[in-house]
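Undergrad:
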């Protein structure tokens, strides 16, 4: 969009004079440099190409004055710039990978899948979005912690969500000697990562972090670790960190894959009822102002992450302003074509006029 500076567009009326000036300069009479008694002698001499193109001189002068007038008006190229500011959320995903997460009590496309596999798929959609109605968490800072007997930070807080879900996809259930559950240590590690964000030099947190949350998913109870889950919840509350807790699985006699030590083949057996300490998970959520959810199948697990997705949304602010470029002195791009500064045109036209008038179109004194 082209605009003009101030109240100067009326100066464009001066352009109406240009055709008359060009006509005067092209046809105006000059006093003869050499007087002849008669021109009949040269009346039939053919005109040279220089004589036929002498109109170039007044044309160049007219072009120079035209663009000088345009530059006086102050043409400005105006572009609407939209600045998007996001108040994002820092999310630490804390996922149980103890042996019990291999229980086959979830189902996808009528095929049994284990709890960890179900969590991977739903969390990936939560982070990246899907083709239906999920937008993903594009403006949020997300990290990943998994735990069995020990808590591990698998991915630091990052905006590179594709890298994070690739790491999540490679997570496997813990080996037999690490099959216990350190819920408190995992949450404590998550709190540590969230509170240390201000010291991360590799992150450019230009946008404000609106809030910090932990999404804890487990199918068991605290059986390992040094930090009590409720103490870790109080620690999170002190820093204003919410904890959303999810109890996963159908605890009623689930089926587990077991490797036969003699044959190496996978066999399936029921392990009896599994303990899920819902009271502790509910209390952790209550202490921090979060919520507790129960996921017994894949559909309910998806609904839970959808609910958290709605509860914790980033705020997007848009601010629009105009950016101006002075076309007289700055090169601009219009419709994909770069134009030079307009002042360059009268300068070149005047230079060409002076050069041609003193060489090819030079008149006798």
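Residue numbers (our numbering): 11 to 375.
Ideal placement from N, C-alpha and C gives every residue a C-beta, glycine not left out.
Note that the coordinates shown come from a computational prediction; the quantities given were computed from them, not determined experimentally.
1) With a threshold of 16 other CB atoms inside 10 Å of the CB of residue 243, please say whether the residue is buried or exposed.
2) In the DSSP assignment, the alpha helix (DSSP H) including residue 67 goes from what residue to what residue?
3) Sorted by chain position, which residues of the same chain lie with C-beta nearer than 7 Å to residue 234's C-beta, five sequence neighbours on each side aside?
4) In the DSSP assignment, what residue or residues form a beta bridge with residue 333?
5) Comparing alpha-carbon positions, which option in 246, 340, 304 lies nearest residue 297?
6) Which whole-angstrom value is the C-beta distance of residue 108 and residue 206, which I expect to be below 8 Å?
7) What residue from 290, 111, 250, 146 has the CA that sits closest to residue 172's CA?
8) DSSP three-state label for residue 159, please.
9) Give me the Cα-Cα distance between residue 340 and residue 351, rounded to the nearest whole angstrom.
10) Would you mind giving the Cβ-Cβ distance between residue 254 and residue 196, rounded to the nearest angstrom? I have them listed as a contact below 8 Å.
11) For the stretch 181-247, which segments carrying the alpha helix (DSSP H) assignment without a break, of at least 4 residues, lie completely within its bounds, in sequence order?
12) Kindly indicate which residue of 307, 208, 110, 224 has the alpha-carbon position closest to the one of residue 199.
13) Could you spell out where the beta strand (DSSP E) holding residue 256 opens and where it closes?
14) Thinking residue 149 and residue 230 are a contact (beta carbons under 8 Å), I'd like their distance in whole angstroms, please.
15) Closest to residue 20 by CA distance: which of 79, 69, 32, 71 is it?
16) At the level of alpha carbons, what is the spacing between residue 216 and residue 168?
17) When you compare each of 286, 359, 338 to residue 349 by their alpha carbons, which one comes out closest?
18) Using CA atoms only, rank isn't needed, just tell me which of 287, 104, 222, 22 is closest to residue 156.
TA: Taking the geometry as given:
1) With 16 or more other Cβ atoms from the protein chains shown falling within 10 Å of its own Cβ, residue 243 counts as buried.
2) Taken as a continuous stretch (DSSP letters only), the alpha helix (DSSP H) holding residue 67 covers 66-83.
3) Counting only Cβ-Cβ distances below 7 Å, and skipping sequence neighbours, we find 159, 190, 191, 192.
4) The partner list for residue 333 (beta bridge, DSSP) reads 89.
5) When only C-alpha atoms are compared, the closest one is 246.
6) Wrong, their Cβ atoms sit about 26 Å apart, outside the cutoff.
7) When only C-alpha atoms are compared, the closest one is 146.
8) Residue 159 carries a coil assignment under DSSP once its states are collapsed to helix, strand and coil.
9) Their Cα atoms are separated by approximately 5 Å.
10) The C-beta distance from residue 254 to residue 196 rounds to 14 Å, too long to fall under 8 Å, and the pair is not in contact.
11) Within the stretch 181-247, the complete alpha helix (DSSP H) segments at least 4 residues long are 193-205, listed from N- to C-terminus.
12) In terms of Cα proximity to residue 199, the closest of 307, 208, 110, 224 is 224.
13) Run containing residue 256: 252-258, per the beta strand (DSSP E) assignment.
14) Contact doesn't hold; Cβ gap of about 33 Å is too wide.
15) Residue 20 has its Cα closest to that of 79, out of 79, 69, 32, 71.
16) The pLDDT assigned to residue 216 is 46, lower than 50, so where the model puts this residue is not dependable, and the model offers no usable value.
17) In terms of CA proximity to residue 349, 338 leads the group 286, 359, 338.
18) Residue 156 has its Cα closest to that of 104, out of 287, 104, 222, 22.
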